[in-house]
Amino acid sequence: EIVLTQSPGTLSLSPGERATLSCRASHYVTTKYFAWYQQKPGQAPRLLIYGAFTRATGIPDRFSGSGSGTDLTLTISRVEPEDSAVYYCQHYGASPRFTFGQGTNLEI
Amino acid sequence: VQLLESGGGLEQPGGSLRLSCAASGLTFNNFAMSWVRQAPGKGLEWVSSITGNGAYTYYADSVKGRFTISRDNSNNMLFLQMNSLRVEDTALYYCAKEGFATVPGGYYYYLDVWGKGTSVTVSS
């Protein structure tokens with residue numbers, strides 16, 4: 001069973017700075033099986049990135065996904081105050097079907 | 109696409125609840141669906157999934173044997189029957205649609221549309 005470890009736990013940045021959020025898998029997995037979600041307080045999660053690299057519909061191009069093997073990265077090129085949220089990585093697999101990381105809290 | 113959950117509430121340990129999710133704006137039977145929960149102040153935990161035709165179901169170990177996922181494609185409804193509830197089942201339960209994409213030899217899935225959630229509290 002895969003374990004996803006996200007770092008850092010909390011990231012505090014100023015508007016316009018670059019955010020780099022990491023997701024490390026416990027063993028090698030198919031890179032394309034990763035997704036990223038954003039969850040703002042009191043809201044449901046929102047899909048940001050799927051297939052490790054593809055932005056979901058309506059997601060600004062300042063959000064990008066990269067990485068391979070056991071290390072995936074979500075980058076926000078220039079953060080804005082509205083980007084304050086918890087970000088989760090997720091892996092699709094055989095069992096369990098979906099596994100989530102514990103989340104990174106981004107404060108702007 | 110819209111998903112609207114209902115059926116949450118307060119239940120005693122050992123009790124049962126049935127969650128529902130009404131889907132609109134999509135060809136429902138074309139898509140697998142999932143339930144994901146979030147305990148208060150905690151992260152996301154996948155609970156269960158069901159294929160578009162209902163033929164295959166999947167469960168997290170934490171709920172296997174206690175929860176049953178099902179769907180009614182004629183009415184665009186998803187369900188989660190929760191039996192033998194435990195205090196640790198207390199959470200906000202989200203219904204989510206599974207998107208999919210192809211890779212050589214198959215598909216992979218992700219959760220592209222989420223409902224607002226329904227709250228389940230298990231307490232004596």
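Protein chains in written order, with my numbering: chain A, 1 to 108; chain B, 109 to 232.
For each residue, glycine too, the CB sits at the ideal point set by N, CA and C.
Determine contact between the segment 97 to 108 of chain A and the segment 122 to 130 of chain B, defined as no fewer than three beta-carbon pairs at a distance below 8 Å. Too few Cβ pairs lie closer than 8 Å, so no.
Does the segment 78 to 95 of chain A come within contact of the segment 5 to 22 of chain A, defined as at least 3 CB pairs closer than 8 Å? Per the Cβ contact rule, the segment 78 to 95 of chain A is in contact with the segment 5 to 22 of chain A (3 or more Cβ pairs under 8 Å).
Count Cβ pairs between the segment 35 to 53 of chain A and the segment 201 to 210 of chain B that sit closer than 8 Å; are there 3 or more? Contact holds between the segment 35 to 53 of chain A and the segment 201 to 210 of chain B, because three or more Cβ pairs, one in each stretch, are under 8 Å apart.
DSSP beta-bridge partners of residue 113 of chain B: When beta bridges are read from the DSSP output, residue 113 of chain B appears opposite B/129.
CB contact check: residue 98 of chain A to chain D, cutoff 8 Å: Checking the listed chains, one finds no chain D in this structure; the protein chains it contains are A and B.
Does the beta carbon of residue 222 of chain B sit closer than 8 Å to a beta carbon anywhere in chain A? Flagged as an interface residue toward chain A: residue 222 of chain B, by a C-beta distance shorter than 8 Å.
Using the rule of at least 16 other Cβ atoms within 10 Å of the residue's Cβ for burial, across every protein chain shown, is residue 179 of chain B buried or exposed? It counts as buried.
Neighbour flag for residue 178 of chain B against chain A, beta carbons, 8 Å: Using a CB distance cut-off of 8 Å, residue 178 of chain B does not count as an interface residue toward chain A.
Can you tell me whether residue 6 of chain A is buried or exposed, with buried defined as 16 or more other CB within 10 angstroms of its CB? Counting C-beta atoms within 10 angstroms of its own C-beta, residue 6 of chain A has 16 or more neighbours from the protein chains shown and is therefore classed as buried.
Endpoints, beta strand (DSSP E) assigned at residue 145 of chain B: It spans 141 to 146 - the beta strand (DSSP E) in which residue 145 of chain B sits, taken as one unbroken run.
Please check the pair residue 34 of chain A and residue 72 of chain A, which I expect to be a contact at CB under 8 Å, by giving their CB distance rounded to whole angstroms. Between residue 72 of chain A and residue 34 of chain A the Cβ distance is about 5 Å, and since that is below 8 Å, they are a contact.
Give the range of the beta strand (DSSP E) segment to which residue 194 of chain B is assigned. No beta strand (DSSP E) holds residue 194 of chain B; DSSP gives it neither H nor E.
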